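Asks:
Protein chains in written order, with the UniProt record's numbering: chain A, 1 to 101; chain B, 1 to 195; chain C, 1 to 645.
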């Protein structure tokens with residue numbers, strides 16, 4: 001095997017960092033949501049890489065579970081976005097300040 | 001450079017490119033499409049790592065179903081990327097955020113460098129219960145991880161019910177709803193005249 | 001062999017649970033069946049246990065059943081365990097026997113009451129608590145029963161809680177009892193501190209070595225335990241709750257006065273007789289308080305006009321007798337009197353209940369008279385009980401009282417003064433009891449025509465217990481015939497295993513009633529009987545033959561009479577000396593300490609919180625992105641810390 005595991009881990013770190021930047025700077029809530037999905041997938045990639053390195057498949061199962069949670073999260077989160085958009089007519093994250101003070 | 005390395009480099013570049021473009025886009029539809037691109041590139045890397053089943057799941061479930069859900073919502077809300085998103089954050093705040101992320105990234109790399117992993121054994125792919133195959137993962141899923149697996153089922157059920165409850169209109173057919181519908185009807189001709 | 005001991009208290013508990021949990025859902029016959037059968041079953045088991053114990057050789061007459069460890073905490077270990085020895089055997093027989101009769105009586109007496117189910121539930125709980133008290137094998141479990149009877153007395157005295165006087169009386173009983181309980185607890189602490197155990201057997205075993213004979217600690221422990229007994233058994237100065245306990249239903253009074261509750265103090269003193277034998281000073285205090293209470297309460301009883309109140313003071317007085325016996329180290333005599341007293345006092349109260357029942361609720365003996373024609377059974381049984389309590393020869397009270405008087409005179413701890421006080425009390429008792437009988441059942445009929453029209457004998461469920469108790473009042477004393485008659489005092493020998501250990505401790509013999517003094521004993525007994533009959537005749541003269549004499553005596557002794565009628569103003573004195581300062585102190589604590597200091601502190605904290613959150617809330621911008629940024633910064637810091645560590 002020619003590509004070292006650390007390369008895969010580094011790729012995961014890069015993707016995770018991109019996801020973090022996205023979450024921090026984007027003002028569109030749907031993009032923000034997608035950035036979270038990206039971060040989840042970066043973590044998944046690290047899991048897969050470790051699985052491969054240690055020759056166990058438990059990581060695969062974890063990835064599977066993470067995907068399930070992501071799907072559930074997407075369903076609920078998008079539902080919330082629809083509701084908020086219906087009430088506030090915006091997808092600007094900075095205007096979602098219901099919990100202010 | 002072996003063929004493995006070539007495949008890895010190409011996939012990695014595509015995945016990073018897709019992720020970066022997703023963030024940079026103004027139009028959410030384009031963002032979704034770039035994310036799908038990134039995910040497919042990641043799936044290639046999954047398969048390269050021997051995670052055949054999970055990689056396929058990623059394409060089918062993630063890139064397929066979940067991203068379509070995003071697209072669907074974007075369409076439903078009729079977003080075209082021209083929405084008022086307010087002022088972009090100030091330069092200082094933006095800079096701070098980049099710095100934080102960079103620090104985070106450096107720390108991650110530092111951690112990765114510190115990990116000592118044994119050299120991975122060679123992959124055997126021509127058997128039905130090989131590493132990462134459907135059979136092998138399912139065996140784990142239905143024996144050792146049966147209980148968490150069952151719980152995800154419950155989680156999904158709760159998510160479905162929750163999504164329905166959240167997205168549902170409070171009192172369908174009642175007065176506020178009707179007035180809202182009337183107002184949109186009343187606005188439609190105006191838009192028409194504008195156009 | 002003692003596997004079923006736990007069932008004796010358990011059965012009433014089950015009865016309580018059934019009746020208590022299903023209040024208002026059971027028909028009355030089922031309630032009475034559950035209530036009576038549970039106690040009846042306990043009675044049968046108690047008899048069984050008694051005969052099994054009797055079958056054992058004298059020195060082996062102890063049955064223990066350890067159910068489970070209750071508080072296993074290091075060196076402090078307490079079991080839920082039951083102990084059956086001759087003493088507790090007598091007690092469970094009295095409690096279940098008299099208790100059962102009272103339950104049966106209540107079926108008739110309480111038949112029209114709204115709270116029928118509640119009443120029987122409390123009654124069963126009362127029996128359960130008392131059985132726990134007498135069957136416990138350690139001080140702590142005994143204390144559980146001790147508190148249990150306190151609680152039940154509160155519940156039952158205040159049974160008709162809509163009546164203010166009843167709920168007040170309940171509270172009074174509870175609070176006064178609590179004062180005593182405090183002493184009991186402290187005494188328990190001293191015992192545990194010195195002996196390292198609360199188990200009766202261990203304490204009695206080790207006490208002679210753990211304490212020095214007559215030392216300060218043992219005296220303190222005994223006196224503190226006795227404070228508990230004072231509260232529970234209504235002695236001076238804590239007797240005030242018992243007369244007020246009349247506010248409860250009459251069978252409850254019978255239960256409290258005869259079978260349960262007030263006897264607990266006597267039982268406890270006898271149970272720890274080894275400790276008391278080690279502390280002669282404490283014994284003397286017991287004797288003095290007992291004698292003083294006996295005389296004091298008897299004088300009050302002379303002039304009371306409420307039928308139940310007379311009986312209440314009579315109980316206080318008789319309890320004083322029992323403590324007098326304990327105080328002169330005649331423990332078996334004390335328990336003997338406890339038993340006979342249980343019979344005739346229960347009978348007196350139940351009879352009084354029957355009278356009140358017949359009189360449509362009237363309790364004032366000045367409005368009665370001539371009742372013997374209308375309620376014959378009640379009259380005859382009441383008369384039997386009166387003869388018994390007066391100590392007419394042949395009746396149960398005669399033997400037990402005589403035993404106490406003789407011991408007070410002759411015991412190593414006794415003195416002729418105690419004997420004299422006992423004798424005067426006996427005369428007073430005879431007088432006021434016959435006064436009660438004559439005013440109630442003889443002479444002119446002073447009730448109004450309406451009441452007279454309704455006069456009727458009580459139903460069978462009430463008269464049958466009366467008759468059984470009547471028989472017991474007569475024959476109950478025959479188990480303890482004095483040795484001077486040439487008979488064997490079965491009762492005293494029965495209790496020997498319990499009291500022997502204590503009497504070994506002191507050099508002079510406690511049982512001084514040896515043959516050498518037989519002549520003296522006979523003489524004293526003869527004098528007593530003569531005087532008692534004289535007191536009877538005096539009562540007869542004053543209240544039947546020449547009723548105007550009573551009025552004249554009353555007018556002559558005007559001031560004294562008023563003082564007695566008002567019970568020496570004890571309640572008022574307590575109110576002035578104790579209650580008022582307490583109210584003042586409590587008001588101070590309430591207005592100053594509580595409202596200003598404690599509340600001020602708490603409210604100040606709340607205001608501080610409000611103030612600081614007013615300042616801090618500006619951190620909460622409500623912007624998701626700034627939260628996320630802070631979050632990410634936090635993650636960076638944590639990971640950085642973990643790396644650099």
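We put the CB at the ideal spot given by N, CA and C, even for glycine. Small disclaimer: the values here were computed from a predicted structure and weren't measured.
1) Given a limit of 9 Å on CB to CB distance, which residues of the region 5 to 31 of chain A reach chain C?
2) Below 9 Å on C-beta distance, what does residue 143(B) contact in chain A?
3) Evaluate residue 480(C) with the Cβ neighbour count: other Cβ atoms within 10 Å of its Cβ, from every protein chain shown; 16 or more gives buried, anything less gives exposed.
4) Please classify residue 116(C) as buried or exposed, where buried requires at least 16 other C-beta atoms within 10 Å of its C-beta.
5) Any contact between the region 542 to 554 of chain C and the region 397 to 417 of chain C? By contact I mean 3 or more CB pairs, one from each, below 8 Å.
6) If you measure from the beta carbon of residue 155(B) to each beta carbon in chain A, is any gap under 8 Å?
7) For the structure I just gave you, are there three or more beta carbon pairs, one from the region 91 to 105 of chain C and one from the region 464 to 478 of chain C, closer than 8 Å?
8) What residues in the region 96 to 112 of chain B have a beta carbon less than 9 Å from any beta carbon of chain C?
9) Would you mind stating whether residue 458(C) and residue 378(C) have Cβ atoms separated by less than 8 Å?
10) List the endpoints of the continuous alpha helix (DSSP H) containing residue 204(C).
11) So, helix, strand or coil for residue 63(C), using DSSP?
12) Find the residues of chain A that neighbour residue 81(C), judging by a C-beta separation of less than 8 Å, and give them in chain order.
13) Would you list, in chain order, the members of the region 616 to 641 of chain C that have their beta-carbon closer than 7 Å to a beta-carbon of chain A?
14) Count the other CB atoms within 10 Å of the CB of residue 49(A); is the residue buried (16 or more) or exposed (fewer)?
15) Strictly under 8 Å for the Cβ-Cβ distance: is residue 127(B) near chain A by that measure?
16) Which residue or residues does DSSP assign as beta-bridge partners of residue 83(C)?
17) Apply the 10 Å Cβ neighbour rule to residue 401(C) and answer buried if 16 or more other Cβ atoms are within range, or exposed otherwise.
18) Might you give, ordered along the chain, the residues of its own chain that have their beta carbon closer than 7 Å to the beta carbon of residue 451(C), omitting 5 neighbours on each side?
19) Can you give me the Cβ contacts of residue 53(A) inside the same chain, cut-off strictly under 6 Å, excluding the 5 residues immediately before and after it?
20) Kindly say whether residue 88(A), judged by its beta-carbon, lies nearer than 8 Å to any beta-carbon of chain B.
21) Would you check if the distance between the CB atom of residue 76(A) and the CB atom of residue 65(B) is smaller than 8 Å?
22) Would the beta-carbon of residue 34(B) fall within 8 Å of that of residue 67(A)?
23) Please state whether DSSP places residue 160(C) in a helix, a strand or coil.
24) Beta-carbon separation of residue 328(C) and residue 413(C) under 8 Å?
25) Is the separation between the beta-carbon of residue 262(C) and that of residue 308(C) shorter than 8 Å?
26) Within 8 Å (strictly less), CB to CB, does residue 58(A) reach chain C?
27) Which residues, in chain order, does the region 36 to 47 of chain B contribute to contact with chain A at a C-beta distance below 8 Å?
28) Label residue 128(B) either buried or exposed according to how many other C-beta atoms from any shown protein chain fall within 10 Å of its C-beta, with 16 as the threshold for buried.
29) For residue 17(A), which residues from the same chain have a beta carbon less than 7 Å from its beta carbon, with the 5 sequence-adjacent residues on both sides left out?
30) Considering only C-alpha positions, which residue in the set 31(B), 18(B) and 27(B) is nearest to residue 222(B)?
31) Tell me whether residue 332(C) sits in a helix, a strand or coil according to DSSP, three-state version.
32) For residue 77(C), name the three-state secondary structure that DSSP assigns.
33) If you check the beta carbons only, do residue 632(C) and residue 110(B) fall under 8 Å apart?
34) Hey, would you say residue 8(C) sits closer than 8 Å to residue 131(C), going by beta carbons?
35) Does DSSP put residue 69(C) in a helix, a strand or coil?
Replies: Looking at the atomic coordinates:
1) 20, 23, 24, 25, 26, 27 and 29
2) Within 9 Å of the CB of residue 143(B), no CB atom of chain A is found; the nearest one sits about 10 Å away.
3) buried
4) buried
5) No: fewer than three Cβ pairs fall under 8 Å.
6) yes
7) yes
8) 96, 97, 100, 101, 103, 104, 107, 108, 110 and 111
9) yes
10) 200 to 210
11) If DSSP states are grouped into helix, strand and coil, residue 63(C) belongs with the strands.
12) Simply none; closest approach about 55 Å.
13) 617, 620, 621, 622, 623, 624, 625, 628, 629 and 632
14) buried
15) It does not: the Cβ of residue 127(B) has no partner Cβ on chain A nearer than 8 Å.
16) 64(C)
17) buried
18) 359, 360 and 362
19) 5.
20) So, not an interface residue.
21) no
22) no
23) coil
24) yes
25) no
26) no
27) 38, 39, 42, 45 and 46
28) exposed
29) none
30) Chain B is shown only over 1 to 195; residue 222(B) falls outside these bounds and no answer can be derived.
31) Helix at residue 332(C).
32) strand
33) no
34) yes
35) strand
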